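Input: a single structure, listed below in structure tokens.
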Amino acid sequence: MNWNEALRILHPQRPEPALPVRVAPRAGALHRAHAPSICVASGKGGTGKSVVSASLAALWAEQGRALLIDADLGVGNAHLMQSVQPKLTLVDVVRGRATAAEALTVCGPRLDLLAGGSGVSQMASLSAAELSRIARGIEDLDGQYDALVVDSAAGISEQTIAFAAAADMVLIVTTSDPTAMTDAYAFLKVLFARRRDSHASLIVNRTVEVDEGPRTAGRIESVCQRFLGRGVHYLGCLPEDRAVVKSVAQRQCVINAAPQSPAAIALRELRGRIAEELNTLSHLGLGRSLEACCAGVTRRV
Ligand SMILES: Nc1ncnc2c1ncn2[C@@H]1O[C@H](COP(=O)(O)OP(=O)(O)OP(=O)(O)O)[C@@H](O)[C@H]1O
Ligand SMILES: [Mg+2]
């Protein structure tokens, strides 16, 4: 996608309705704290979303219970980095064949996965009613975890924006590649149109040069300030590291496969910064916020 295409997509005729900041509890729902939620997104495919989300989920599972949600219902592959073969997936939840709890795949003592779909192309673009079924499933699970990490699908679809808008924090994973930067900006533009107060941060992946992270983030930040009237926070970078490639080939996350590698060390530092930021944010409940988002979609149809 080039800048002109991005700008054409990014100037919608009608602005998206803002996501409500507070969501009314569902009838009968217990009042309890919600797990903080992080959505790892990018726009462009292959930037490192699954590497980052699998690592964050593994790091959270060191201190508490973590749920990794593979929100790619077309070609979900988050399970590949967990060495598991899910029997049930979110596709079964959407089709009413399983509850979200039944669809969980255990990946470790404190790490569960809600796997995405595989080769089911029509699942890549869900209706509001289907997305709502996922939202309710996540809401039912929310209280059992200390963190929910969403591994988003590539692209700017209703589904990817809904998950990002519903999360407490959005991590945009980009590289210094111009197309990845353009798509990161495009994603942010649509996200901020949907939810102006979205807490979005940038991670620059596969950096080789010392200043590549801040330089790349600075360019995206200045375009956001200029055209969107708000900034996006630079969280840090993740170096190019063969240990990541090897760990993926071994179907493991780099945190477990090579804990002392430069990438694993950088991810651990990023996790600390993310935890600090999450502490300053309200945790609205990913499932509840997603449901509110679906209601907005239904009203627009
Ligand atoms: N820091 C890194 N160093 C070296 N290689 C990396 C790094 N990060 C990612 N990669 C490589 O890029 C590949 C793609 O990463 P990943 O699957 O996380 O991307 P993605 O954004 O989830 O892709 P998709 O959009 O298809 O879901 C990995 O399999 C790995 O080989
Ligand atoms: Mg992925």
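Per my numbering, the very first residue in the sequence shown carries number 72; after that it's consecutive. Think of the CB as a built atom: it goes at the ideal place given N, C-alpha and C, for glycine as much as any other residue. Since we're looking at a predicted model, the values are computed, not measured.
Output needed for D211: all residues of its chain with C-beta closer than 8 Å, excluding positions within five of it in sequence on either side, in chain order.
T170, A171, A172, G358
7 Å Cβ shell around A334 - same chain, five flanking residues per side excluded:
L309, P310, D312, A314, V315, V325
With DSSP run on the structure shown, which of helix, strand or coil describes C364?
helix
Give the straight-line distance between the Cα atoms of V275 and I232, rounded to the nearest whole angstrom.
20 Å
Minimum C-alpha distance to F234 - residue among L127, P180, Q296, D141:
D141
Alpha-carbon to alpha-carbon, H354 and H102
The predicted model places H102 with a pLDDT of 44, which falls under 50 and marks its position as unreliable; any figure quoted below should be read in that light. Distance between the alpha carbons of H102 and H354: 13 Å.
G99 to Q321 span [Cα, whole Å]
Low per-residue confidence applies at G99: pLDDT is 38, beneath 50, and the placement is therefore not dependable enough to give any value.
Is the CB of L182 under 8 Å away from at least one CB in chain D?
Of the protein chains in the structure, only one exists, and it is not chain D.
Any non-hydrogen atom of ligand 2 closer than 7 Å to K115 Cβ:
no
Nearest-angstrom beta carbon gap, L197 and I243 [assumed within contact, 8 Å]:
Not really, about 22 Å apart at Cβ, beyond 8 Å.
Between which two residues does the beta strand (DSSP E) harbouring V221 extend?
218 to 222
Any idea what DSSP makes of S126, helix, strand or coil?
helix
Buried or exposed (CB count within 10 angstroms, at least 16 for buried), P107:
buried
G300 versus P157 - alpha carbon distance:
43 Å
Might you give, ordered along the chain, the residues of its own chain that have their beta carbon closer than 8 Å to the beta carbon of D239, omitting 5 neighbours on each side?
P107, S108, I109, H270, L349, L352, S353, H354, L355, L357
Assign D268 to one of two classes, buried (16 or more other C-beta atoms within 10 Å of its C-beta) or exposed (fewer than that).
exposed
Considering only C-alpha positions, which residue in the set H150, T287, H304 is nearest to G188?
H150
How would you label E201, buried or exposed, when you count the other beta carbons within 10 angstroms and need 16 or more for buried?
buried
Nearest to A174 by CA position, among S332, R181, L159, G208, is which residue?
L159
Cβ-Cβ distance between L182 and A218 below 8 Å:
no
Assuming I333 is part of the alpha helix (DSSP H), what are its boundary residues?
Correcting the residue type first, residue 333 is Pro in the shown sequence and not Ile. Residues 333 to 350.
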